[in-house]
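Chemist: Here's a structure for you.
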Amino acid sequence: DAKTTQPNSMESNEEEPVHLPCNHSTISGTDYIHWYRQLPSQGPEYVIHGLTSNVNNRMASLAIAEDRKSSTLILHRATLRDAAVYYCILFLGGTSYGKLTFGQGTILTVHP
Amino acid sequence: DTAVSQTPKYLVTQMGNDKSIKCEQNLGHDTMYWYKQDSKKFLKIMFSYNNKELIINETVPNRFSPKSPDKAHLNLHINSLELGDSAVYFCASSPVVTGGLNGYTFGSGTRLTVV
């Protein structure tokens, strides 16, 4: 599985934007970039995913570099509820049996 | 509510016992998974089933036996429990088995403590 690198931790203030980076320099052409988060004492929660183009949904935005070797998850206005571990995962696309392989993730702390 | 539900939420048992964890999804998904999260918080895939067929077995000891009676259910039976089996076990499902196109939906986890 292609590897991702994320900072161990980040901090933000409530109602400010948060940019969570992820490096994936060995990404292949068929790898999708997935983001999940895990709130304390809960199961992982799907946030967003993309292949080449930037993506927006109600939870966040995903900005993908032109060479696809890095991406950034953007939370437009952080709330206390966004405090979680955020995982950036490369997921093999196509017809193969894929699987989500979690790394260490980034612990996001949101200050009131 | 549409969801992935696991039972029990907590399970405390003695070494050597046999226990089962049940998982059900009412999302109409074809594929279900079991993940283990250890004390260091690493999430590792254990098994994946697609329409009742085992497709991923990640070198898990054969004391762990998943069973899928239908595509909406994936249960995990563990024989001869060991201290190292203490962890949080998460069930998940996804619409299709092929990668990339869809997100997974996870259950809220079963915290297993072996004493």
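Heads up: the protein sequence lines correspond to chains E and P, in order.
Following the numbering used here, the residues of the first sequence are numbered contiguously, the last one being 153.
Following the numbering used here, the residues of the second sequence are numbered contiguously, the last one being 105.
Glycine included, each C-beta is placed from N, C-alpha and C at the ideal position.
Please read all numbers here as calculations on a predicted model, not as lab measurements.
Taking the straight line between their C-alpha atoms, what separation do you get for V59 (chain E) and T3 (chain P)?
Modeler: The alpha-carbon atoms of V59 (chain E) and T3 (chain P) are separated by roughly 42 Å.
Chemist: Please work out which residues of its chain come closer than 6 Å, Cβ to Cβ, to C63 (chain E), disregarding the five sequence neighbours upstream and downstream, and give them in chain order.
Modeler: Cβ within range, chain order: T45, Q47, S112 and C129.
Chemist: Show which residues of chain P have a CB atom less than 9 Å away from the CB atom of T142 (chain E).
Modeler: L33, K34 and I35, listed in chain order.
Chemist: Between G128 (chain P) and chain E, is any beta-carbon pair separated by less than 9 Å?
Modeler: Residue 128 (chain P) cannot be examined here, being either before or after the span of chain P that is shown, -9 to 105.
Chemist: Closest to T71 (chain E) by CA distance: which of E:T147, E:G84, E:I148 and E:L131 is it?
Modeler: Of the candidates E:T147, E:G84, E:I148 and E:L131, the one whose C-alpha sits nearest the C-alpha of T71 (chain E) is E:L131.
Chemist: The beta strand (DSSP E) with I171 (chain E) in it runs from where to where?
Modeler: The requested residue 171 (chain E) is not part of the displayed model; chain E covers only 42 to 153.
Chemist: Listed from N- to C-terminal order along the chain, which residues in the region 37 to 49 of chain P have their beta-carbon within a distance smaller than 9 Å of any beta-carbon of chain E?
Modeler: Within the region 37 to 49 of chain P, the qualifying residues are S38, N40, I45, I46 and E48.
Chemist: List, in order along the chain, the chain P residues whose C-beta lies closer than 7 Å to that of Q83 (chain E)?
Modeler: What Q83 (chain E) touches in chain P: S98.
Chemist: Taking the straight line between their C-alpha atoms, what separation do you get for L73 (chain P) and V105 (chain P)?
Modeler: In a straight line, the C-alpha of L73 (chain P) is about 6 Å away from that of V105 (chain P).
Chemist: Please look up how many angstroms separate the CB atoms of A77 (chain P) and D28 (chain P), rounded, as I've assumed it's under 8 Å.
Modeler: Their Cβ separation, rounded to whole angstroms, is 5 Å, which keeps A77 (chain P) and D28 (chain P) in contact under 8 Å.
Chemist: Taking the alpha-carbon of T142 (chain E) as reference, which of E:H75, E:Q83 and E:N98 has the nearest alpha-carbon?
Modeler: The candidate whose alpha carbon is nearest that of T142 (chain E) is E:H75.
Chemist: Show which residues of chain P have a CB atom less than 8 Å away from the CB atom of Y127 (chain E).
Modeler: Here the premise fails: no neighbours, minimum Cβ distance about 13 Å.
Chemist: Residues of chain P with CB under 7 Å from E17 (chain E), in chain order?
Modeler: Coverage of chain E is limited to positions 42 through 153, which leaves residue 17 (chain E) absent and any answer about it impossible.
Chemist: Within this structure, are the beta carbons of F32 (chain P) and Q145 (chain E) separated by less than 9 Å?
Modeler: Their beta carbons are under 9 Å apart, which means F32 (chain P) touches Q145 (chain E) by this criterion.
Chemist: Would you verify that the beta carbon of F60 (chain E) is, or is not, closer than 9 Å to some beta carbon of chain P?
Modeler: The amino acid occupying residue 60 (chain E) in the given sequence is His; Phe does not appear at that position. H60 (chain E) does not count as touching chain P.
Chemist: For H117 (chain E), collect the residues of the same chain with a Cβ closer than 8 Å to its Cβ; drop the 5 residues on either side in sequence, then sort them by chain order.
Modeler: P58, A101 and S102.
Chemist: With a threshold of 9 Å between beta carbons, is Q79 (chain E) in contact with chain P?
Modeler: Chain P contact via Cβ: present.
Chemist: Where K57 (chain P) and H63 (chain P) are concerned, what is the direct C-alpha to C-alpha distance, given to the nearest angstrom?
Modeler: Answer to the nearest angstrom: the Cα atoms are 8 Å apart.
Chemist: Please classify H152 (chain E) as buried or exposed, where buried requires at least 16 other C-beta atoms within 10 Å of its C-beta.
Modeler: H152 (chain E) comes out exposed.
Chemist: Note down, in chain order, each residue of its chain lying with its Cβ closer than 8 Å to the Cβ of T120 (chain E), except the 5 sequence neighbours on either side.
Modeler: Closer than 8 Å at the Cβ level, and outside the excluded window around T120 (chain E), lie E55, E56 and V151.
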